[in-house]
Amino acid sequence: MESRTEVLVIGGGSTGCGITRDLAMRGVDVTLVEQGNLTHGTTGRMHGLLHSGGRYAVSDQKSARECIEENRVLRDIAAHCVEETGGLFVKRPEDTDDYFEEKLAGCEACDIPTEILSNEEAREVEPFLAPDIEKAIWVPDGAVDPFRLCVANAASAEQHGGRVLTHAPVTDLIVEAGEVVGAKIRHEPGPRNAATVGKTETIYADHVVNATGAWAGRLGEMAGVDIEVRPSKGVMTIMNVRQVDTVINRCRPKGDADIIVPHETTCILGTTDEEVSDPEDYPEEQWEVDLVIDELTKLVPILGDARTIRSFWGVRPLYEPPEVGSADPTDITRDFFLLDHADRDELPGMTSIVGGKFTTYRMMAESIADHVCQKLGTCARCETADVPLPGSEDFSVLRDYMDEFSLRSPVGRRSVQRLGSRADDVLKTDAPNPVLCECEGVTRAEVQDALSQSGTDLNAVRIRTRASMGNCQGGFCCQRLAAELHPDHDEQTARASLDDLYQERWKGERHALWGEQLSQAALNHALHAATMNRDTDPAKTGTPDWTDFDGGQP
Amino acid sequence: MIESDVLVVGGGLAGGTAALSAAREGADVRLVSHKESTLRHASGLIDVLGYHDGTLLADPFSAVGDMPEGHPYERVGSAAVEAGLDLFDEVAGDLYAGSHTTKNALVPTHGGTVKPTARYPASVAPGLASDDGEMLLVGFETLTDFDAPLAADHLQNAGVPFEVRGVTARFPMLRADAKITRYAKVLDTDEKGIRSQLVEAIEPHLGDATRVGFPAVLGHDHPARVREALADALGADVFEVPSGPPSLPGMRLEDVLFAVLREAGVTIETGNPVVGFEASDGRIDHVAVKRTHQRVPYFADEFVLATGGLVGKGITTSREGVREPVFDLHVPHPENRYDWFEDEAFGDHPFARFGVAVDTDLRPLDGSGAVEYANLRAAGGVLGGADFAAEKSGSGISLATGRVAGRRAAQS
Chain A
274 MESRTEVLVI
284 GGGSTGCGIT
294 RDLAMRGVDV
304 TLVEQGNLTH
314 GTTGRMHGLL
324 HSGGRYAVSD
334 QKSARECIEE
344 NRVLRDIAAH
354 CVEETGGLFV
364 KRPEDTDDYF
374 EEKLAGCEAC
384 DIPTEILSNE
394 EAREVEPFLA
404 PDIEKAIWVP
414 DGAVDPFRLC
424 VANAASAEQH
434 GGRVLTHAPV
444 TDLIVEAGEV
454 VGAKIRHEPG
464 PRNAATVGKT
474 ETIYADHVVN
484 ATGAWAGRLG
494 EMAGVDIEVR
504 PSKGVMTIMN
514 VRQVDTVINR
524 CRPKGDADII
534 VPHETTCILG
544 TTDEEVSDPE
554 DYPEEQWEVD
564 LVIDELTKLV
574 PILGDARTIR
584 SFWGVRPLYE
594 PPEVGSADPT
604 DITRDFFLLD
614 HADRDELPGM
624 TSIVGGKFTT
634 YRMMAESIAD
644 HVCQKLGTCA
654 RCETADVPLP
664 GSEDFSVLRD
674 YMDEFSLRSP
684 VGRRSVQRLG
694 SRADDVLKTD
704 APNPVLCECE
714 GVTRAEVQDA
724 LSQSGTDLNA
734 VRIRTRASMG
744 NCQGGFCCQR
754 LAAELHPDHD
764 EQTARASLDD
774 LYQERWKGER
784 HALWGEQLSQ
794 AALNHALHAA
804 TMNRDTDPAK
814 TGTPDWTDFD
824 GGQP
Chain B
6 MIESDVLVVG
16 GGLAGGTAAL
26 SAAREGADVR
36 LVSHKESTLR
46 HASGLIDVLG
56 YHDGTLLADP
66 FSAVGDMPEG
76 HPYERVGSAA
86 VEAGLDLFDE
96 VAGDLYAGSH
106 TTKNALVPTH
116 GGTVKPTARY
126 PASVAPGLAS
136 DDGEMLLVGF
146 ETLTDFDAPL
156 AADHLQNAGV
166 PFEVRGVTAR
176 FPMLRADAKI
186 TRYAKVLDTD
196 EKGIRSQLVE
206 AIEPHLGDAT
216 RVGFPAVLGH
226 DHPARVREAL
236 ADALGADVFE
246 VPSGPPSLPG
256 MRLEDVLFAV
266 LREAGVTIET
276 GNPVVGFEAS
286 DGRIDHVAVK
296 RTHQRVPYFA
306 DEFVLATGGL
316 VGKGITTSRE
326 GVREPVFDLH
336 VPHPENRYDW
346 FEDEAFGDHP
356 FARFGVAVDT
366 DLRPLDGSGA
376 VEYANLRAAG
386 GVLGGADFAA
396 EKSGSGISLA
406 TGRVAGRRAA
416 QS
């Protein structure tokens, strides 16, 4: 297969999706390819903080200014992806007054609104804060759903004529006469591509954008250029409830384990910062989990005895110009870099974007799109800061759907929050719409909607709906989700997808196996191994001789 | 003063069996249970041993004598396993089937997989996989745990010796989020002629099927009557497909067990936790039961601990280690919690074997292998050394060890 596009964007994280939307809105013919699902890489493995900029207000004021600006934009254009939690920088007795003052001054210098709270005031906002917290600075931090945001960007790109291909890894970059002219991709099983699975496609492009983040170096190698991304891993530990409703930051210079982000029904504790050599294969270690719990217990003591449901790791795509040579990954700037390979490596036809952070994805996309349009000789203007994303246009749909869809109220409310202005389309069904995932209140209609976008990939359904992300970690609902694949897909396919999701849930839950969560894991084990005999399923292990067994009372 | 010959802590299958066994020896028995019994969460199938060293067993009793040292079956011996099952057969009466043979039955469960089990509810009997009668499975749009067409395809892929089809029907009358006990209730009372409405919906799909399987919601108080009515109208056998929690077969078993216990004169007290104990000279003197803010001492000569394993919280854990929370008994376990599990979801997980170690008299042992208390025995899931989920051995262990613990306690 062969195709042509003006711009080929590689990488379906926040940056790639943002660039694709931006270019499509400017009327550029653009194609996005992503090796897995959207957000498959770093974007899907973040703690969900929408930065106010407060975090960088002392060390990196340029980043801080960009964050607050984009924070305001996203509240506007992506209201259904953002929860305006607010954030606190809290000072423990051992943290210095000087740093507290520096933080305050830094925020002021960067136009980040602040308010100083006393111990009592801070504990009124968040009652579970440690009693010995001395004071706090309030900032407009928020929580953001990165998946919903990426999907909305991709959907917008498609509405403007863009092409979005997931499960389409790049197998090679095509370099002709010293110029990048396209890429070869392989179509793997995924949504909407049944006809092309297993085929390769050569996509010729006027310009290629490498937006693969931590994987940028690998892509560079395909074209023979050296891109020194320094992947840095960080752990995030998920609690089963929201101990806090405000983002809690520790008010001290850089350090591990200093942030708690309320996210949907959970809190996410983060994080560590450890350079790794391979963005896909790195150790996930017990000390990292223990560190975030022990350190953050100093800010919110009940975390010490609270239930964690899993941990996951992400890799930051850190980048610094080779001449800087920071030894510690926490010293590397969070700024982004646009690498024009024509200037840098005498290899025209490709631009890489490296570094940066989620909160400023739109601004990064704008800057890349400007750059690419200049190359293409297109003078269309960026509109992404002003036009709301799909799902965010009409917030009045956030009403109580209890009667309309005969759903219990919290279920309806949460479904509508997740779906934004698409709620009507998805939830208006004539068929009964029972809840499939009780922990997160996800109904069959939502799962079916997600499946229509996800093929047989139940993990994609999970991130679209949050099904299987609650207390039971899928023990009760994995098989219900898999059942939704049938009869459109055969029994073996449904079973394979079930096994994938169950193993994926287990992978993260392993890092939370004590207390309530170990009890839960034992229950899941009993349900799946004892009741359903999934561990030694005769459909997999071989047909028994039926006549050897009890055939019933003669 | 509250005083009994034997005090049983825990109200599941093991605790109930221990209490009944002790009472039948003439002891004055009291059973205290903190929460609802986990029986109502289990499938209601009575497993003895389905797999040994990964091999599917047609005869569970062929291998119970081969268990490694420390396994509950090895502790009590195979005769005790058979005696435990005999006791069960007597208690369960007509509610259960399977006692006509020593063989395991292969029962289709809600995941569409067959599992080996020694006894099964009578309501499950017509669904056995070794029977070659053509099968129709019926699921309901609103009962999300059982997808009948998928289960039918799964059974076919496992090579069952019969034709099986699945159909999804709409259960009349009930709203999408009705509880399963509500399904059972309307079928029990035949509210608004629900049974014939159901039959009408299913009849067009019947074809040549000689047996029809439903989710296990066919009545709570009158399951036999519900099944009979449906079977008569359909002209085919009707059976239930067991599933996870909440489980009507489990609830029906719990009802029968507790009725037999009361008949045997056991005093049953539920809802209050045991929060402490006193011991002297290596014997438990009394346990403290928390009743409306007060700690009330319950004295007994002999005690049986049957509080369950990790699932029932008879064994608890923290980042620091593993505990038995009632008597603070020793629970052997790897020090590093990353050695408690395997990386594969269905791996050979050490946590699945967590529990107290006991001598052959079922008395818990301390870290040096010495008996902790002379008048304390343990039974069921609180015992270590068995992965009941992988072995499919949970009920058999509860019955065998419950019976031994109860009898020995009464005889001491």
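From first to last, the protein sequence lines stand for chains A and B. In terms of the numbering used here, the numbers along the first sequence are unbroken and rise by one, the last being 827. In terms of the numbering used here, the numbers along the second sequence are unbroken and rise by one, the last being 417. Don't be surprised by glycine CBs; every beta carbon is placed ideally from N, CA and C.
For Ser285/B, the uninterrupted beta strand (DSSP E) segment begins and ends at 279 to 285. In summary, Lys364/A is buried, with 16 or more beta-carbon neighbours lying within 10 Å of its beta-carbon over all protein chains present. Per DSSP, the continuous alpha helix (DSSP H) segment holding Gly289/A begins and ends at 287 to 298.
Tyr378/B carries a coil assignment under DSSP once its states are collapsed to helix, strand and coil. When DSSP assignments are scanned along the region 98 to 150 of chain B, no uninterrupted stretch of alpha helix (DSSP H) that is 4 or more residues long falls wholly within it. Between the alpha carbons of Phe167/B and Tyr78/B lies a distance of about 35 Å. Taking the beta carbon of Glu713/A as reference, no residue of chain B falls within 7 Å; the closest one sits roughly 14 Å away. Interface residue (Cβ-Cβ distance to chain A less than 8 Å): Glu274/B is not classified as such. Taking CB atoms only, Gly825/A has a neighbour in chain B less than 8 Å away. Gln516/A carries a coil assignment under DSSP once its states are collapsed to helix, strand and coil.
Listed along chain B, the residues sitting closer than 8 Å to Asn706/A by beta-carbon distance are Ala181. For Leu315/B, the neighbours in chain A by C-beta distance under 7 Å run, in chain order, Leu791, Ser792, Ala795. If you draw a 10 Å sphere on the C-beta of Lys184/B, you find fewer than 16 other C-beta atoms in it, and that means exposed. The criterion of a C-beta distance shorter than 8 Å is satisfied by Ala297/A and Gly435/A. Taking all protein chains in view, the Cβ of Ser26/B is crowded by 16 or more other Cβ atoms within 10 Å, so the residue is classified as buried. A direct Cα-Cα distance of roughly 8 Å separates Pro355/B from Asp344/B.
Taking 8 Å as the cut-off, the Cβ atoms of Leu361/A and Val417/A do not count as close. For Ile626/A, the enclosing beta strand (DSSP E) stretches over residues 623 to 628.
Between the alpha carbons of Gly390/B and Ala362/B lies a distance of about 8 Å.
Secondary-structure assignment with DSSP links Lys364/A through a beta bridge to Lys408/A. Collapsing the DSSP output to three states places Asn310/A in coil.
Ile320/B counts as buried, since no fewer than 16 other beta carbons sit within 10 angstroms of its beta carbon.
A straight-line Cα-Cα distance of about 37 Å links Thr809/A and Phe308/B. For Arg753/A, a Cβ of chain B is located within less than 8 Å of the residue's own Cβ. Around the beta carbon of Gln432/A, fewer than 16 other beta carbons sit within 10 angstroms, so the residue counts as exposed. Between the beta-carbon of Lys376/A and that of Val443/A there is about 42 Å, and that puts the pair past the 8 Å contact cut. DSSP, read as helix, strand or coil, puts Thr215/B in coil. Nearest neighbour of Ile283/A by Cα position, chosen from Trp488/A, Val699/A, Ser325/A, turns out to be Trp488/A. Shown here, Tyr592/A sits in a strand according to DSSP, grouped into three states. Runs of the beta strand (DSSP E) spanning 3 or more residues and lying entirely within the region 336 to 361 of chain A do not occur at all.
Separation of Asp368/A and Ile406/A (C-alpha to C-alpha, rounded to the nearest whole angstrom) is 10 Å. Nearest CB-CB separation between Glu557/A and chain B: not below the 8 Å threshold. In the DSSP assignment, Thr315/A falls outside any beta strand (DSSP E) and carries neither an H nor an E. Under the three-state reduction of DSSP, Gly21/B is assigned to helix. Residue state for Pro65/B is assigned as helix, using DSSP reduced to three classes. As computed with DSSP, Cys710/A is found in a beta bridge with Val715/A.
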